[in-house]
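Only one structure is covered here, and it is reproduced in the block below.
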Amino acid sequence: MSRRSSGRGRRTKDTLAPLPKGGLRVVPLGGLGEIGRNMTVFEHEGRLMIVDCGVLFPEEHQPGVDVILPDFTWIRDRLDKIDAIVLTHGHEDHIGGVPYLLRERADIPVVGSRLTLAFLEAKLKEHRITPKTVEVKEGDRRTLGAFDCEFIAVNHSIPDGLAVAIRTEAGLVLHTGDFKMDQFPLDGRVTDLRAFARLGEEGVDLFLSDSTNAEVPGFTISEGELSPAIDTVFRTTKGRVIVSSFASHVHRIQQVLDTAHEHGRKVAFVGRSMVRNMGIASELGYLNIPQGLVVDLRKLENLPADKIALICTGSQGEPLAALSRMANRDHPIEVTEGDTVLLASSLIPGNENAIYRVINELTRWGANVVHKGNAKVHVSGHASAGELSYCYNIIKPRNVLPVHGEWRHLRANADIAIRTGVDPRNALIAEDGSVIDLVRGKVSITGKVSAGMVYVDGGRVGGATEETLHIRRTLAEEGVLTIVCIVDPDSGKLTEDPDYMVHGLATDTIDFTDATSAIQQALFKASKDGVDDLDQIEELVRKATSTWVHRKHRRSPLIIPVIVDA
Ligand SMILES: [Zn+2]
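Okay, so the sequence shown: first residue is 650 according to my numbering, each after it adds one.
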C-alpha cells in the first residue's frame, strides 16, 4: 500500500488559482493513492459539499495508531461554508472520519440512506454527538445548498449504497461511491444502470468511479454463488460452525443465517460491533432473522455442538476481536476438534500475517478452517474491469477521475476509460490533495492542497506525528540507550564515567569504554567552543554516542542523553 508522509506537498489554499465563476472545484482529500479514508470535497460559488469522510487503518509500520484521518486543513477555516456531507454507504473507510469532522462543526447536515445513517448514528453515540441527518433513498433529488444532488442505487458489500449525481452550473458530475454490478443480489437491489444511462444521455461532464478492482479482469461474481460452499460447511461439520465476517456485511450474514436455519442450528452473534450492527440491520428490515433462530450466547451452551453456529468479528485477524481471542484461548468459546471456522471475508492487504496466524492457531486447536484460499466463500464488493467498461460505455463521460485505489488501480481504471473512447487527456490520474477544476466542460489539475496523514492516537487527533512513529519504530527495532553524564560546570568535564542504561539492545555486555572517550572528546570540544546550552551539549553527546554505537555494533538505538551538573 503506498503511503506518503504528512509534510510533503504542504501548501495552503492561498497559492491556488481562483476558481473561475461557474466552475466546480473537486479536491480528493483521501482515497487516491491508497485504499481507505475516502473523502472528496466539491466547491462551487464559494460553497462546499463533501462526499464521504472515512478512515484508513494503520499498518505495522504505524505502531500505536488507532486510525488515520484525512487532513481537514484545507477546509478548516471554511467549515461554515459546508452545505452537506453526503455518505455513499456505511463502511468505515467512508464514514469513520465523520465524528472527527463533526467535532469541528457539529451541525453539518449529514445526508445518506437509512442504513448508512443508522450505522453512523450508532458510531456517533460513542462519540456523544447527535448529528443533523437528512435521510435519502435511491431516486431522490435534493438541493443541498449550492449542489443539486440525485441519488442512485448501487450494489456493494453492504446494503443501501448510493451513487450521487451532482448538478451545478459547471455541469453534471457522477460519483459512484463503492459499487459492483451483481445482477442477482440477495436483496434484489441492483446498481441502477438505467439511471446511469439516463445521466449519460443528459451528458456526464465528470465521472468519478471506484477503482479498487480495476485490475481484476472480467466480472465480479454474484453473492449468491457462495451458497454451495457455505452449505457444504454446515452440512459436513460435526461440531460447531463459527463464521467470521465483516460486521457490516449484512447480506453475507443473511446467507449464513438462512443456511444455519435450514440445517437446524441456533445462532449467536459474538463481538460488540457484530451484535450492534445486526441489531440495527434487523430492526430496520435489512436483515431477516427467522423466529427463534438467534439466541443469546449463554443459551447455546446447553445445546449439542452440531446444533450451534456462531457469527463473530475478527475476520481480518484484529487482535482484540472475538476470533483472534478464540485462537489465543482468551475467549469463553473454546474451539476444538470437529468445529469448523469459516472466514467469509476478503483478506485485506497488510492483514495477511495476522490472519494466517489466526488460521494456524485455530487449526492447532483442531478446527477445520475454511477460507477464500481453499473454498469459494468470498466475493468482492467492487466492480471488476468488465463492469467498469460497461459503465463507461453506458455513461460516455466527457472526463473521468478514477477514485478509491492505489496508483496501480487508478491507472488501470483510467486505461479502461480510455479504451472505451474517453480522450486520454480527459482521464485524470490525481492524488490526495490534487485540485481539479471543471470549467466550461474541461477538467484540469490546477494545484495542490495539504492532504497528509492525520493520526488518531489514544483518541487524540494529531497525537502522533511522523516523528512519533519514527521513534516508536526505532524503539521496536533498535532499543534504547540512556546515558547519564555528570559534568563539572566549570571545566565542562565528566566527573565520573557516564551511566549507560540499555533496553532492547541485542547485548548487555557492551564495553562502553570507547563510548566514554568519545563523549569526553565531545564535551571537551563543546567547552573549548564555549557551548553552554544544555540542549546543544546533549545533542553533541547523542551524536558522539550514536556514531560510536553504529560503527562498533551496527545498531541505531534511540539515544537519550541526560546531562547533570556535578
Ligand atoms: Zn465500501
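Cβ atoms here follow ideal geometry from the backbone N, Cα and C, with glycine treated the same way.
All values reported here derive from a predicted model rather than from experimental measurement.
Every alpha helix (DSSP H) stretch that sits fully inside the segment 1101-1141 and reaches 4 residues is listed by chain position as 1115-1127. Separation of glutamine 1169 and leucine 1143 (C-alpha to C-alpha, rounded to the nearest whole angstrom) is 7 Å.
By the neighbour-count criterion, in which 16 or more other beta carbons inside 10 Å mark a residue as buried, serine 1093 falls on the exposed side.
For aspartate 756, the Cβ stays outside the 7 Å cut-off from all heavy atoms of ligand 1. Beta-bridge annotation (DSSP): asparagine 862 is paired with Ser1033.
The C-beta separation of glycine 679 from methionine 688 comes to about 4 Å, placing the pair in contact by the 8 Å criterion.
Secondary structure at leucine 793: strand, using DSSP grouped into helix, strand and coil. DSSP places arginine 752 in the helix class (H, G or I) of the three-state scheme. The alpha-carbon separation between valine 1026 and valine 1129 amounts to approximately 46 Å. In the structure shown, aspartate 1148 falls within a strand segment according to DSSP collapsed to helix, strand and coil. In the structure shown, the three-state DSSP call for threonine 765 is helix.
Nearest neighbour of tyrosine 1041 by Cα position, chosen from Leu823, Thr1012, Gly685 and Arg1200, turns out to be Leu823.
Taking C-alpha positions only, valine 760 is separated from aspartate 979 by approximately 40 Å.
In this structure, the alpha-carbon of proline 719 lies about 47 Å from that of lysine 887.
Burial is judged here by how many other beta carbons sit within 10 angstroms of a residue's own beta carbon; glutamate 986 has fewer than 16 and is exposed.
Here the segment 969-978 lies against the segment 1007-1021, with 3 or more beta-carbon pairs under 8 Å apart. Three or more Cβ pairs drawn from the segment 932-940 and the segment 754-771 lie within less than 8 Å of each other, which places the two stretches in contact.
Assignment of beta strand (DSSP E) within the segment 1155-1215, counting only whole runs of 3 or more residues, yields 1207-1214 in chain order. For asparagine 937, there is no enclosing alpha helix (DSSP H), since its DSSP letter is neither H nor E. If you keep only unbroken alpha helix (DSSP H) runs of at least 4 residues inside the segment 921-981, you get 921-932, 946-949 and 971-976.
Counting only heavy atoms of ligand 1, the residues whose C-beta sits closer than 5 Å to one of them are, along the chain, His740 and Asp827. Boundaries for arginine 1074: no beta strand (DSSP E) harbours it, and the DSSP string shows neither H nor E there. In this model, arginine 925 and alanine 970 are separated by some 14 Å (Cα to Cα).
Check the Cα spacing between valine 716 and each of Leu952, Arg1109, Thr861 and Tyr1039: the tightest is with Arg1109. Here aspartate 1081 is buried: its Cβ has 16 or more other Cβ atoms, across all protein chains shown, within 10 Å.
Asparagine 1002 sits exposed, since fewer than 16 C-beta atoms from the chains shown fall within 10 Å of its C-beta.
Per DSSP, reduced to three states, the secondary structure at arginine 889 is coil, with no helix or strand assignment. In the displayed model, alanine 1063 falls within a helix according to three-state DSSP.
Beta-carbon to beta-carbon, valine 990 and serine 893 are separated by about 7 Å, close enough to satisfy the 8 Å threshold. In the structure shown, arginine 1013 falls within a helical segment according to DSSP collapsed to helix, strand and coil.
Annotation for glutamate 692: Arg674 place their beta carbon closer than 6 Å to its own, counting only its chain and skipping 5 residues before and after.
In this structure, DSSP gives alanine 917 an extended state, which the three-state scheme calls strand. In this structure, DSSP gives aspartate 729 a helical state, which the three-state scheme calls helix. In this structure, DSSP gives serine 1038 a helical state, which the three-state scheme calls helix.
Looking at the DSSP output, alanine 802 sits in a beta bridge with Leu811. Taking all protein chains in view, the Cβ of histidine 1152 is surrounded by fewer than 16 other Cβ atoms within 10 Å, so the residue is classified as exposed.
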